[in-house]
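Peer 1: Below: one structure in structure tokens.
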Amino acid sequence: MEVRMEECFAWLIGLIPVVGWVLWCWNDFWFGLQIKARNKSNKLPPGHMGVPFLGETLSFLCYFKCLSRPDDFINSKRQKYGDGVGMYRTHLFRSPAIIACSPSANKFVFQSHDKFILEWPTVEIVGSNSVAAAQGKAHTRLRSFVSRAINQPEPLWGIALMVQPRVISLLQSWALKGRVIAHPEAKKVTFENIGKIFAGFEPGPVLDTLDQLFEGMLNGVRAYPIN
């Protein structure tokens, strides 16, 4: 009986690293096999897709939420696999993913509307006519409208004249307070300037309500769609 227990314990100790290795490599093997089945010439970019179901989600959240150093998640892959093609494979939030961090790769993604269908942010939240949700020619048309409205010398001159006294007044109020929390104050004045430029709203209850609604919409846009 003691021999059998020792044998079982030895088998268990021997299987643990094998099972760990299988789990560590499973996503790369499984999704790589699917890619090869579609086209044998296709190759995945360098990287690691983590363990089944979770992938690298926990590592990703650790860098973003706990350490507050989101760039280090990508930099760790660049240091490990090199800059190379500027893309790395991973597995985040139950889905295989590619991280593109080079200008050429991002340009290809943004200009290939037929190959990369926009799924975020949710159209139901931002509206089908928003710049974020529009694609292809519609996106180009909307972007040109916005660019002509705020990114030309004459509109920029008018915006500067409107914003300057507001910013000076804000800085003077900060000086009188002596100590302020810059981030919420900067967000507030930015939203007030946007409200004045695009809708003619002055600071007051209406703009404060819009600010609260906008904050709620952003939380919804950023939330992961879990049913």
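Numbering (our numbering), first residue to last: 2 to 228. Glycine residues also receive a C-beta, built at the ideal position from the N, C-alpha and C atoms.
(1) Compute the beta-carbon to beta-carbon distance between Gly128 and Thr91, rounded to the nearest angstrom, for a pair I have assumed lies under 8 Å.
(2) Indicate the three-state DSSP secondary structure (helix, strand or coil) for Gly217 in the structure shown.
(3) Kindly indicate the opening and closing residues of the beta strand (DSSP E) around Leu93.
(4) Could you spell out where the alpha helix (DSSP H) holding Pro97 opens and where it closes?
(5) According to DSSP, is Gly201 part of a helix, a strand, or is it coil?
(6) Tell me the DSSP secondary structure of Val190 in three-state form.
(7) From Ser60 to Pro104, what does the alpha carbon distance come to, in whole angstroms?
(8) Output yes or no for whether 8 Å exceeds the beta carbon distance between Ile75 and Cys102.
(9) Going straight from the alpha carbon of Lys66 to that of Met50, what length do you get?
(10) How would you call Lys116, buried or exposed, if buried means at least 16 neighbouring beta carbons within 10 angstroms?
(11) Just to confirm my understanding: we take Asn130, look at its own chain, exclude 5 residues before and 5 after, and list those with CB closer than 8 Å. What are they?
(12) Taking 6 Å as the limit between beta carbons, can you name the residues of its chain near Met2, skipping five residues before and five after?
(13) Nearest CA to the CA of Pro53: which residue from Gly221, Asp29 and Pro47?
(14) DSSP state of Gly85, grouped into three classes?
(15) Below 8 Å, how does it come out for the region 173 to 181 and the region 193 to 202: are there three or more Cβ pairs, yes or no?
(16) I need the DSSP call for Gly48, collapsed to helix, strand or coil.
(17) Per DSSP, what kind of secondary structure is Val4 in: helix, strand or coil?
(18) Per DSSP, which residues does Gly56 bridge with? Please list them.
(19) Quick one: Cα of Lys178 to Cα of His184, how far?
(20) Do you know whose CA, among Pro47, Thr58 and Leu62, lies nearest Gln80's CA?
(21) Does the Cβ of Lys188 lie closer than 7 Å to at least one heavy atom of the ligand PLP?
(22) My assumption, with CB atoms under 8 Å, is that Phe32 sits in contact with Pro97. Please give the rounded CB distance.
(23) Do you know offhand how far Asp209's Cα is from Ile151's?
Peer 2: Answer, in terms of the structure:
(1) Not quite, the Cβ-Cβ distance comes to about 31 Å (not below 8 Å), so this is no contact.
(2) The three-state reading of DSSP puts Gly217 in helix, counting H, G and I together.
(3) Per DSSP, Leu93 belongs to the beta strand (DSSP E) from Met88 to Leu93.
(4) Per DSSP, Pro97 belongs to no alpha helix (DSSP H); it is in the beta strand (DSSP E), Ser96 to Ala101.
(5) coil
(6) helix
(7) 25 Å
(8) yes
(9) 20 Å
(10) exposed
(11) Leu143
(12) With a pLDDT of 47 at Met2, under the threshold of 50, the modelled position of this residue cannot be trusted; read the value that follows with caution. Within the same chain, Met2 has no close Cβ partners at all.
(13) Of the listed residues, the one whose Cα sits closest to Pro53 is Asp29.
(14) coil
(15) Taking 8 Å as the limit for Cβ pairs, the verdict is that the region 193 to 202 does not touch the region 173 to 181.
(16) strand
(17) Unreliable placement is indicated for Val4, whose pLDDT of 49 sits below 50; no coordinate value is reported for it.
(18) As a beta-bridge residue in DSSP terms, Gly56 pairs with Val52.
(19) C-alpha separation (whole angstroms): 15 Å.
(20) Pro47
(21) Because no ligand of any kind appears in the structure shown, any question about the ligand PLP cannot be addressed here.
(22) So it is a contact: roughly 5 Å between Cβ atoms.
(23) 24 Å
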